[in-house]
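Colleague: Residue numbers in the sequence shown follow this note's numbering, run continuously in steps of one, and reach 887 at the last position. A single structure is presented below for examination.
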Amino acid sequence: MEKVLLKKGRERSVLRRHPWIFSGAIEGPVPEGVASGGTVEVCAADGAVLGFGSYSPASQIRVRMLSYGADRAPDAAFVKERVFASVGRRGDFFVNAYTDAMRLVNAESDGLPGVVADYYAGWVVCQFTSAGAEFWKDAVADALMSAAPGCLGVSERLDIDVRAKEGLPREPAFRVLRGAEPPELVEIAEGPCKFLIDVRKGHKTGFYLDQRDARAAVGPLANGADVLNCFSYTGGFGLFARACGAASVVQVDVSADALALARRNEEIQHMCGTRMEYVEADVFKYLRSCRDAGRTFDMIVLDPPKFAETKAQVMKAARGYKDINLLAMKLLRPGGTLATFSCSGAMTPELFDKILAEASEDAGRSFQVVARTRQGADHPVALSFPEGHYLKGVVLREFS
Ligand code: SAH
């Protein structure tokens, strides 16, 4: 097996079980003859074997660790065991009736770098985002087909930008790997709501499963409220607010497709008296138009897409976050609630709090934090891999 030798001192992060080895940490020439995603033995400068990882020739993250210590090199059986273990750790979810949709494999934090697998009522949808993940695809798909309860089929989404960085194809956008072809829309349940999931064209693998806990936390605060749900996508927070007795909900998104599915999602919920409005608009502009029209709300949800991809973009992203939060704070009625989120990993919780504090100062209003949310337990974060924590939510209540 080919060896990758690390520069002196660069073994430390591997010993702490951080799974990424950047190209700059590697000593000497890159090994020849290793297939993209193939396994290499990773050694410290003194030759000590640190473990085995998957080789990504095109990526800055040149090796992703699969196993630590001097054990046997990972094979297909090893990868399948990891998948079974990962699904097994979700056992508690499967016995509770709250939802039939969850993440089964959360990449690095489940010991399977680059492998994401989401479960939607029997249908598993994967993303393979690294060369190593691509290399072990067959083993992963086989294991998921038998490990996921009542699995009807395993498919994959390839239309993801990170695959280009790994030198992997992005076409076709969607492919069935095992089992049957999923229906055009898969229906799932989440607490008091039902959602239709477009596994072929929806964002990520079709749904923002990572916001489950936040939807559950924010919904009940909407009882009797006039709610503005910004960046609504297929309606998640707005439909939760509706199910919890909101007086009215405005769902705003720039995507006509997302709003069309949000409307269909409304049709499959229980009947209720909440007034629903759908607005196809840029949130930055829409918030200003509400300000100009003097329109106010009891609750505003801000769940924007990633504004910062990298640390370098954080300052620019900070301006975007401050802008929408400041505008939203001004639109809140006395005692109103702002549920605000950032899914940029590069935006630290501390910086996000600072931005919110500055926005409240500029808005001339006081807020108290009533809840904090994060990605749910099916999106765990390995302690040795803090990069896995990307989603932050702060629920604020106006009290001036
Ligand atoms: N809250 C949602 C997920 C939001 S994802 C849920 O729980 O399911 C972010 C959404 O923001 C996407 O649907 C995207 O279409 C939308 N979006 C991105 N930029 C936007 C903008 N400037 N104005 C309005 N919507 C935008």
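Using N, Cα and C, we set each Cβ at its ideal position, and we do this for glycine too.
Heavy atom of ligand 1 less than 7 angstroms from the Cβ of alanine 676, yes or no?
Modeller: Taking the first residue of the sequence shown as position 1, residue 676 is located at position 189. No; taking the cut-off as 7 angstroms, the Cβ of alanine 676 has no heavy atom of ligand 1 nearer than that.
Colleague: Is the closest heavy atom of ligand 1 to the C-beta of aspartate 740 under 7 angstroms?
Modeller: One-based indexing of the sequence shown puts residue 740 at position 253. Yes.
Colleague: Please say whether valine 566 and alanine 635 have beta carbons closer to each other than 8 angstroms?
Modeller: In the sequence shown, residue 635 corresponds to position 148, counting from 1. In the sequence shown, residue 566 corresponds to position 79, counting from 1. In this structure, valine 566 does not lie closer than 8 angstroms to alanine 635 by Cβ.
Colleague: Would you say the beta carbon of arginine 702 comes nearer than 7 angstroms to a heavy atom of ligand 1?
Modeller: Sequence index remark: in the sequence shown, residue 702 carries index 215 (1-based). Correct: arginine 702 has its Cβ closer than 7 angstroms to ligand 1.
Colleague: Looking at phenylalanine 872 and ligand 1, is the gap between the Cβ and the nearest heavy atom below 7 angstroms?
Modeller: As a first step, residue 872 must be located in the sequence shown, where it is residue number 385. Every heavy atom of ligand 1 is 7 angstroms or more from the Cβ of phenylalanine 872, so no.
Colleague: Kindly give me the distance between the Cβ atoms of glycine 619 and glycine 524, rounded to whole angstroms, as I take these residues to be in contact under 8 angstroms.
Modeller: For the purposes of this step, residue 619 is identified with residue 132 of the sequence shown, where counting begins at 1. For the purposes of this step, residue 524 is identified with residue 37 of the sequence shown, where counting begins at 1. Right, their Cβ atoms sit about 5 angstroms apart.
Colleague: I'd like the span of the beta strand (DSSP E) that includes aspartate 740, first residue to last.
Modeller: Counting from one through the sequence shown, the residue named residue 740 turns up at place 253. Aspartate 740 -> beta strand (DSSP E) spans 735-740.
Colleague: Go ahead and label leucine 843 buried or exposed: buried means 16 or more other beta carbons lie within 10 angstroms of its beta carbon, across all protein chains shown.
Modeller: Sequence index remark: in the sequence shown, residue 843 carries index 356 (1-based). By the 10 Å Cβ count, leucine 843 comes out buried.
Colleague: Rounding to the nearest angstrom, what Cα-Cα distance links aspartate 785 and asparagine 716 in this structure?
Modeller: Within the sequence shown, residue 785 is the residue found at index 298, counting from 1. Within the sequence shown, residue 716 is the residue found at index 229, counting from 1. So the two alpha carbons sit approximately 11 angstroms from each other.
Colleague: Tell me isoleucine 647's beta-bridge partners as DSSP assigns them.
Modeller: Locating residue 647 in the sequence shown gives position 160, where the first residue counts as 1. Partner(s): none; isoleucine 647 has no beta bridge.
Colleague: Beta-carbon separation of isoleucine 647 and glutamine 698 under 8 angstroms?
Modeller: Working through the sequence shown from its first residue, we reach residue 647 at position 160. Working through the sequence shown from its first residue, we reach residue 698 at position 211. No.
Colleague: Can you tell me which residues form a DSSP beta bridge with glycine 880?
Modeller: Sequence index remark: in the sequence shown, residue 880 carries index 393 (1-based). Paired residues: Phe828, Thr860.
Colleague: Beta-carbon within less than 7 angstroms of proline 936's beta-carbon, same chain only, minus the 5 sequence neighbours each way: which residues are those?
Modeller: This structure gives no information on residue 936, because the portion of the chain shown stretches from 488 to 887.
Colleague: Count Cβ pairs between the segment 751-768 and the segment 806-821 that sit closer than 8 angstroms; are there 3 or more?
Modeller: Touching, no.
Colleague: Indicate, with yes or no, if ligand 1 has a heavy atom lying under 7 angstroms from the CB of glutamine 800.
Modeller: Stepping through the sequence shown from its first residue, residue 800 is reached at position 313. Checking the Cβ of glutamine 800 against ligand 1 gives no.
Colleague: Have a look at serine 617 and arginine 499 and give me their C-alpha separation to the nearest angstrom.
Modeller: By one-based count along the sequence shown, residue 617 stands at place 130. By one-based count along the sequence shown, residue 499 stands at place 12. Going from the Cα of serine 617 to the Cα of arginine 499 covers about 23 angstroms.
Colleague: Need the endpoints of the beta strand (DSSP E) that isoleucine 548 sits in, please.
Modeller: Position 61 of the sequence shown, counted from the start, is the residue given in the question as residue 548. First-last of the beta strand (DSSP E) with isoleucine 548: 548-555.
Colleague: Let's test the definition: count the other Cβ atoms within 10 Å of the Cβ of aspartate 744 and tell me whether it reaches 16, buried, or not, exposed.
Modeller: Taking the sequence shown and counting its residues from 1, the one referred to as residue 744 is at position 257. It is exposed - the Cβ of aspartate 744 has fewer than 16 other Cβ atoms within 10 Å.
Colleague: Please classify proline 561 as buried or exposed, where buried requires at least 16 other C-beta atoms within 10 Å of its C-beta.
Modeller: By 1-based counting over the sequence shown, the position of residue 561 is 74. Buried: at least 16 other Cβ atoms inside 10 Å.
Colleague: Apart from the five residues just before and just after arginine 576, which ones in its own chain have a Cβ nearer than 6 angstroms to its Cβ?
Modeller: Here the question's residue 576 lines up with position 89 in the sequence shown. For arginine 576, where only same-chain residues beyond five positions count, there are no Cβ hits under 6 angstroms.
Colleague: Are the Cβ atoms of alanine 730 and glycine 706 separated by less than 8 angstroms?
Modeller: The residue you call residue 730 lines up with position 243 of the sequence shown. The residue you call residue 706 lines up with position 219 of the sequence shown. A contact, by the Cβ cut-off of 8 angstroms.
Colleague: I'd like the span of the beta strand (DSSP E) that includes phenylalanine 720, first residue to last.
Modeller: By 1-based counting over the sequence shown, the position of residue 720 is 233. Note that residue 720 corresponds to tyrosine in the displayed sequence, not to phenylalanine. Premise fails: tyrosine 720 is in no beta strand (DSSP E) and is neither H nor E.
Colleague: Looking at C-alpha atoms only, which residue of Arg665, Arg806, Phe682, Asp779 is the closest neighbour of alanine 846?
Modeller: For the purposes of this step, residue 846 is identified with residue 359 of the sequence shown, where counting begins at 1. Cα-wise, what sits closest to alanine 846 is Arg806.
Colleague: Any heavy atom of ligand 1 within a distance shorter than 7 angstroms of the CB on aspartate 769?
Modeller: Against the sequence shown, residue 769 aligns to sequence position 282. Yes; taking the cut-off as 7 angstroms, the Cβ of aspartate 769 has a heavy atom of ligand 1 nearer than that.
Colleague: Should aspartate 840 be listed as close to ligand 1, given that the test is whether its C-beta is under 7 angstroms from any heavy atom?
Modeller: Position 353 of the sequence shown, counting from 1, holds the residue named residue 840. It does not: the Cβ of aspartate 840 is nowhere closer than 7 angstroms to a heavy atom of ligand 1.
Colleague: According to the Cβ coordinates, are valine 739 and tyrosine 695 closer than 8 angstroms?
Modeller: Against the sequence shown, residue 739 aligns to sequence position 252. Against the sequence shown, residue 695 aligns to sequence position 208. For valine 739 and tyrosine 695, no; Cβs fall outside 8 angstroms.
Colleague: Can you give, in chain order, each stretch of the beta strand (DSSP E) that sits fully within the segment 614-701 and has at least 3 residues?
Modeller: Qualifying beta strand (DSSP E) stretches, in chain order: 640-644, 661-666, 673-677, 680-684.
Colleague: What's the call for glutamate 764, buried or exposed, on a 16-neighbour Cβ count within 10 Å?
Modeller: The residue labelled residue 764 in the question sits at position 277 within the sequence shown. Label assigned to glutamate 764: exposed.
Colleague: Between which residues of its own chain and methionine 768 is the CB-CB distance below 6 angstroms, once the five residues before and five after are set aside?
Modeller: Walking along the sequence shown from the start, residue 768 turns up at place 281. Before going further, note that residue 768 is alanine rather than methionine in the sequence given. Result list for alanine 768: Val739, in chain order.
Colleague: Would you list the one or two residues that DSSP bridges to cysteine 530?
Modeller: As a working note, residue 530 is residue 43 in the sequence shown. Per DSSP, Leu492, Val536.
Colleague: Is alanine 858 near ligand 1 - that is, is its Cβ less than 7 angstroms away from at least one heavy atom of it?
Modeller: Indexing the sequence shown from 1 puts residue 858 at position 371. No, the Cβ of alanine 858 stays beyond 7 angstroms of every heavy atom of ligand 1.
Colleague: Along the chain, where does the beta strand (DSSP E) that runs through asparagine 593 open and close?
Modeller: Counted from its first residue, the sequence shown places residue 593 at position 106. 588-593 is the extent of the beta strand (DSSP E) around asparagine 593.
Colleague: For the 8 angstroms Cβ check, are there 3 or more pairs between the segment 581-595 and the segment 543-550?
Modeller: Contact between the segment 581-595 and the segment 543-550 is absent, because fewer than three Cβ pairs lie under 8 angstroms.
Colleague: Measuring straight from C-alpha to C-alpha, what distance separates glutamate 674 and tyrosine 585?
Modeller: Within the sequence shown, numbered from 1, the residue matching residue 674 stands at position 187. Within the sequence shown, numbered from 1, the residue matching residue 585 stands at position 98. Straight-line Cα distance between these residues: approximately 14 angstroms.
Colleague: Please determine, among Pro506, Ala704, Ala532, Leu537, the residue with the shortest C-alpha to C-alpha distance to glutamate 514.
Modeller: Walking along the sequence shown from the start, residue 514 turns up at place 27. Taking only the C-alpha atoms, the option nearest glutamate 514 is Ala532.
Colleague: Among Ala626, Leu726, Leu493, whose alpha-carbon lies nearest the alpha-carbon of aspartate 735?
Modeller: As a position in the sequence shown, residue 735 is number 248, starting the count at 1. The amino acid at residue 735 is misidentified as aspartate; the sequence shows serine. When only C-alpha atoms are compared, the closest one is Leu726.
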